[in-house]
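In what follows, a structure is listed as structure tokens, so that the remarks can point back to it.
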Amino acid sequence: MTNLVEVRNLKIEATTDAGRVVEIIKGVSLDIADGEIIALIGESGSGKTTVALSLMGHARPGCRITGGEINVNGKNMAALSEKERAKLRGTDIAYVPQSAAASFNPSSTIMEQVIEVTRIHKLMPPEQARKRAVELFRALSLPDPEGIGARYPHQVSGGQLQRLSAAMALIGDPKLVIFDEPTTALDVTTQIDVLKAFKSVMRAGGIAGVYVSHDLAVVAQIADRIVVLKGGEVQETGTTAQILSAAQHPYTRELLAAFEPKRRQAQTEASTNQLLRIDNVTAGYGAVRDDGLPLIRAVDSVSLLVEKGRNLGVIGESGCGKSTLARVIAGIHPAAAGDIVFDGKDLQRAARNRSQDQLREMQIVFQYADTALNPAKPVEDIIARPLAFYHRLDRQARSKRVDELLDMVRLPRALRYRHPSELSGGQKQRVNFARALAANPKLIICDEITSALDTVVASAVIDLLKELQRELGLSYIFISHDLSVVEAICDEIMVMYNGERVEQITPDKVKAATHPYSKLLFSSVPKLDPTWLDGLVRDPELVSQYGHR
Amino acid sequence: MTMARAVASRRSFLGHSYNLVGVIASLIILAWTLIAIFAPYIIPHSIGDIVDDDYFGPMRQGLWLGSDYLGRDMLSRVLMGARYTVGISLAAVAISCFSGVVLGMIAAVTGGWLDTCLSRFLDAMNSIPSKLFGLVVVAAVGSSIPVLILTLAVIYIPGAYRFARALAVNINTMDFMTVARVRGESTIYLIGSEILPNIIRPVLADFGLRFVFIVLLLSGLSFLGLGLQPPLADWGALVRENIGGLPFAAPAVIVPSLAIASLTISVNLLIDNLPKKIRDRDA
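Read top to bottom, the protein sequences are chains U and H.
Note that the working numbering has the first sequence beginning at 10, numbered continuously upward.
Note that the working numbering has the second sequence beginning at -7, numbered continuously upward.
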């Protein structure tokens, strides 16, 4: 036994509700040496999380480990009883989940939960465990390491919570830590702090790690080796430098290609037609004060202009008011002050006071296709409803148009009979988009529509959007926290911070941003270069002013 | 182990998977429904005829379930009782669930003062003890089948309303509701096409549960003498009028109790084991 982890010919099966058995992992083998961090990357559904969980001997409900060996620290996890596995979890192997917010118990303090592992396994007395926890908090560069343990999970930020869940994993001195997409839900500016903290702690303790992610740039910063998975099989294995510079497998190349910024060709003819103009719009939440403005202003005197056939990107961290801005424009959250002019006419602030045609011409597409599509209806009903509602098409015309719309968003026509739960994330987002197209809009507001998708799928969706724009002459307002996405599709980029517009620039001038927050934001986007994180020097004053640690 | 057993005990038919317990329960319910419909044609004796010389007679040939406290044929009375118990309860539960669910969905979608007024009013209704409410109504306007149905329905509307509203409020926060609102859809479309399909399963389960409550309340009212009036009798009334047979272990008191138990338990088991639609992509 030379390696810490040796997985040989692992097979995992799942049973569907019809009793059919599906093989999800088809003979995966991999090794992890002591202190080595490997990354499992692949699109959603490639089995990367399933493989990672199997290292703890765990298979999700409905799945079974049916073959192969999983040797971790000399013990075959697949052959142990559940009781023996439980003994190893937390002490030999630990797990950091994707959503720390959902993994903490809101009703007890952070310290209680972090040292719980030592209590369950009787590793050390509570006093000593608390001391150890504070050391870990310090190592993970959490603010106020002495006091943070006394707080409750809702009193710390998402990035802090993610680091606290790493502290929880590390307190039992594991030999192997499994990170399941721990930074996917974080802002780029926060992601950097979390990545840096993870990397330094892992390196200092000589702990081996498995890092599951679909973001190649993040993985490049932290992993020694990369294992590329697709369809439950290992496609390619290599050191990080090998994979990034000389990828062999077509899927890996596709992943890398998705990172190449594909700039939109700038519209040459200067279009002077205004499609949407908003002037000094203010909106927010909470009690309305004497001046007619709400107590908490999520959007503060923002003005913007969208021209026909051109796209505006709105970028900023979570909580900067960009989604509220989208909802204000669409009339879901009526503005408290300001004017919205659409296609030459003043728009009512609330959607219910706008005319049907005005509603039709401006469509909004939401981030989570899971909740934006009614799970109880088949795809054809979802897409056909705007056709019946706005265009009053009869059944046959609707059916024909649904086929055309499915073709337009590059989905097979047979998909129309499926329910949303039977589609992949990318397919759902396309259906979501097809519904907006069904209305024949002039402007589509895209609220983070690629954030829930993995890189390859997201870049395919972006390509589709560009193509549709060429064919149909649409305009988009593209809201995102991902600079590369916005760069790829927009003619103008507006940076928002704390409810205000701080800067508006064109994609080719991103390097020359003038506002300090834009500079911080643009420099925080991970690059495909493995030395990027270590070499990154950020102005500490900027970080303390704008970074949320 | 548990998984394997669960898979083995489910069979599939017409694209749905069934559970053995659910099938047995639905057969019992079906049998009682058929009896309720065809009772007048299959009873061996008229329900008012005294056919036995003795009261609380035992089970024997000709009188398969013995005789009651007046010597009437118990089999005929139980079969006819099914009619009233199943019929009245079904009508009451249909009214209460329909009004409760529709009001609940409207309140959730509309919100604001309508939601507040409806919720507080129905909460107030809910605070009146159900048996007491039944007693007062029957005492005031007398006991007849329409009065019984309406009283039972009104008693159970607040519960159905609360249940549906709680479910609909969750659905109402989903993005597809926002999309439909921004599209300019009417409230009727929102509740009928967007919300109802998503809450129909729990609502049906609630329907079944409420049916059981109503059967029991109706039996309770009849037991107190406030339900159907003689010579008509539902199962609850049958238990009450024959309660004197308890010391003799007369079938006359046991059989209607068993009838109530078999129906209510079957409905509960069916709700827990409703057929599941198989949505397997390739099968």
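Each residue gets a CB set at the ideal place from its N, CA and C atoms; glycine is no exception.
- Chain U has no Cβ within less than 7 Å of the Cβ of H/D115.
- For H/P267, the CB contacts under 6 Å within the same chain, skipping 5 residues up- and downstream, are H8, Y10 in chain order.
- The beta carbon of U/T380 falls within 7 Å of a beta carbon belonging to chain H, placing the residue at that interface.
- H/G184 is classed as exposed because its beta carbon has fewer than 16 other beta carbons within 10 Å across all chains shown.
- The residue from U/G76, U/V315, U/E480, U/L334 with its alpha-carbon nearest to that of U/D309 is U/L334.
- In this structure, the alpha-carbon of U/V14 lies about 31 Å from that of U/E121.
- Per DSSP, U/S533 has no beta bridge partner at all.
- Among the CB atoms of chain H, none fall inside 7 Å of the CB of U/I21.
- Cβ-Cβ distances below 8 Å link U/T118 to G158, A159, R160, Y161 in the same chain, with the five nearest sequence neighbours on each side left out; the list follows chain order.
- Shown here, H/Y181 sits in a helix according to DSSP, grouped into three states.
- Under DSSP, U/E22 shares a beta bridge with U/E32, U/R73.
- Scanning its chain for C-beta atoms nearer than 7 Å, with the 5 sequence neighbours on each side dropped, one finds around H/A83 the residues I141, in chain order.
- Membership of U/M503 in any alpha helix (DSSP H) is not indicated; the residue belongs instead to the beta strand (DSSP E) covering 501 to 506.
- With the criterion set as a beta carbon lying under 8 Å from some beta carbon of chain U, the members of the region 158 to 170 of chain H are M166, D167, F168, T170, in sequence order.
- At a cut-off of 7 Å between beta carbons, H/G176 contacts chain U.
- Look at U/A397: its C-beta is not under 7 Å from any C-beta on chain H.
- Excluding residues up to 5 positions away in sequence, L313, L321, G322, V323, I324, R510, E512, Q513 lie with their Cβ nearer than 8 Å to the Cβ of U/M503 in the same chain.
- Separation of U/G218 and U/T248 (C-alpha to C-alpha, rounded to the nearest whole angstrom) is 15 Å.
- Proximity of the region 93 to 107 of chain U to the region 254 to 269 of chain U falls short of the contact definition, fewer than three beta-carbon pairs being nearer than 8 Å.
- Under the three-state reduction of DSSP output, H/S119 falls in the coil class, being neither helix nor strand.
- Under the three-state reduction of DSSP output, H/F48 falls in the coil class, being neither helix nor strand.
- Taking 4 residues as the shortest admissible run, the region 346 to 402 of chain U contains the following complete alpha helix (DSSP H) segments, listed from N- to C-terminal end: 365 to 370, 378 to 381, 388 to 400.
- When C-beta distances to chain U are compared with 7 Å, the residues of the region 182 to 203 of chain H below that value are E186, P189, N190, in chain order.
- For the region 316 to 341 of chain U, the set of residues with a beta-carbon nearer than 9 Å to any beta-carbon of chain H comprises R336, A339, G340, I341, in chain order.
- One alpha carbon belongs to U/R306, the other to U/G340, and they sit about 16 Å apart.
- Within the region 360 to 375 of chain U, the residues whose Cβ lies closer than 7 Å to any Cβ of chain H are, in chain order, A360, Q365, L368, I373, F375.
- In the structure shown, H/L220 falls within a coil segment according to DSSP collapsed to helix, strand and coil.
- Within chain H, N190 have C-beta atoms less than 8 Å from the C-beta of U/P384, given in sequence order.
- With fewer than 16 other beta carbons inside 10 angstroms of its own, H/I180 counts as exposed.
- Within the region 497 to 525 of chain U, not one residue has a Cβ closer than 8 Å to any Cβ of chain H.
- U/I235 is not a Cβ neighbour of U/V186, given a cutoff of 7 Å.
- Listed along chain U are I341, A360, R361, each with a C-beta nearer than 8 Å to that of H/R173.
- H/N162 and U/Q164 have their C-alpha atoms spaced approximately 25 Å apart.
- U/V237 sits close to U/I50, with the two beta carbons spaced by under 7 Å.
- Cβ neighbours of H/V133 within its own chain (closer than 6 Å, five residues either side excluded): V139.
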